[in-house]
Amino acid sequence: MLEEFGIRTSYSVALRARNAAIEMIYGGHEDSFKMLPSYLYMLEQTNPGTPHGLCYYHLLNKFTRYGKGVTSMFYKAAYSYRRTAYDKAMAAIHALSPNGAYTKLMDTGPERCARSKCPVRRYGFLTSNATEVLNAHLLWARRLPICSLIECIRHVIEQWQTFIVDLHQKSCKCREFQLDLMPCSHAVAAIMKNGESILDYVSSYYTTDNWRETYEGSVRSLPHRDDWVVPAHIAQQKVTPLIVSRRRRHPSGAEAANRRRRGPRKCSICRDPNHTRNNCPNRDR
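So the sequence shown is numbered by my numbering: it starts at 16 and just counts up by one.
Here's what the structure looks like:
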């Protein structure tokens, strides 16, 4: 502001001006949340057949109130490849919070947030080679004596060998291979043992040509808001913003220096450091 317009202003004033400008252009948070059901309805109408998944990270915020036990089981339910692991995690959630977290999760729709229940393949995974996978398993054991470390390595490999890999069908008992269309750690071990190339077992979906084709399409834009035709039961839904406690802003370096230079804050009317001008006894005199 000072360099471009020659105006000297504090950080807090500039921040309030910025927030006011954003609200003038895009509207407020409450208005936006009120419009959300109608917007989502119109988005589905203009893009029929598009699957709607939910982000685990943001959905997790709704379950933190039920404790770490529920959140850890929710993670297992969301990211498990096998239906049996999903059912086990959901049973644990039901035992911990049958009328709270479990009911809310079922109302949300497991097929929208659980990998094993989703009708389409979900994103959100990291690829890794066999060495990196093994290192991840051994993070806690790296400082052990060498024999104990080797025993841990043997134990991990022994666990991997319990999964059956079918390279011809490109499948594994863990279901990661067939769902992600990329070799899992068990398949990588089998491929390397056969002396084959791992790339031969990676789906063509991961090629650059397929990535380009993925983004060739476009999401159809919505008509003007005045032209929306939304059913009454959707338009009348009330969606309120999340209540987030406002964190105290850390002062900038210049502000902190000014506060130290000025000393303790004082009343601007009588200069008494024990109160501010809002509750000064001399304010109305």
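The beta-carbon is built from N, C-alpha and C at its ideal position, and this holds for glycine as well.
Query	Result
Would DSSP call V180 helix, strand or coil?	strand
Measuring straight from C-alpha to C-alpha, what distance separates P52 and Q252?	7 Å
Using the DSSP secondary-structure output, state which residues sit across from S186 in a beta bridge.	D181
Only counting the same chain, and skipping five residues up and downstream in sequence, which positions put a Cβ closer than 7 Å to that of C285?	C295, N297
Looking at the secondary structure, which residues open and close the alpha helix (DSSP H) in which R227 lies?	223-229
So, does the segment 36-54 touch the segment 113-123, judging by three or more C-beta pairs under 8 Å?	no
Count the other CB atoms, across all protein chains shown, that sit within 10 Å of the CB of A32; report buried if there are 16 or more and exposed otherwise.	exposed
For the alpha helix (DSSP H) that I40 lies in, which residues bound it at each end?	26-41
Within the chosen definition, does the segment 97-107 reach the segment 125-132 through at least 3 CB pairs nearer than 8 Å?	yes
Using 10 angstroms around the beta-carbon of C70, count the other beta-carbons present and answer buried if the total reaches 16, otherwise exposed.	exposed
Kindly indicate which three-state DSSP category I284 falls into: helix, strand or coil?	coil
Between the segment 39-46 and the segment 224-233, do at least 3 Cβ pairs fall closer than 8 Å?	no
Give the secondary structure of K208 by DSSP, where H, G and I count as helix, E and B as strand, and everything else as coil.	helix
Could you please give the first and the last residue of the uninterrupted alpha helix (DSSP H) stretch that includes A100?	98-111
Nearest to R235 by alpha carbon, out of E211, A151, G21, G64?	G64
Go through the segment 67-97 residue by residue and report every complete run of the alpha helix (DSSP H) that reaches 4 residues or more, in order.	71-75, 83-94
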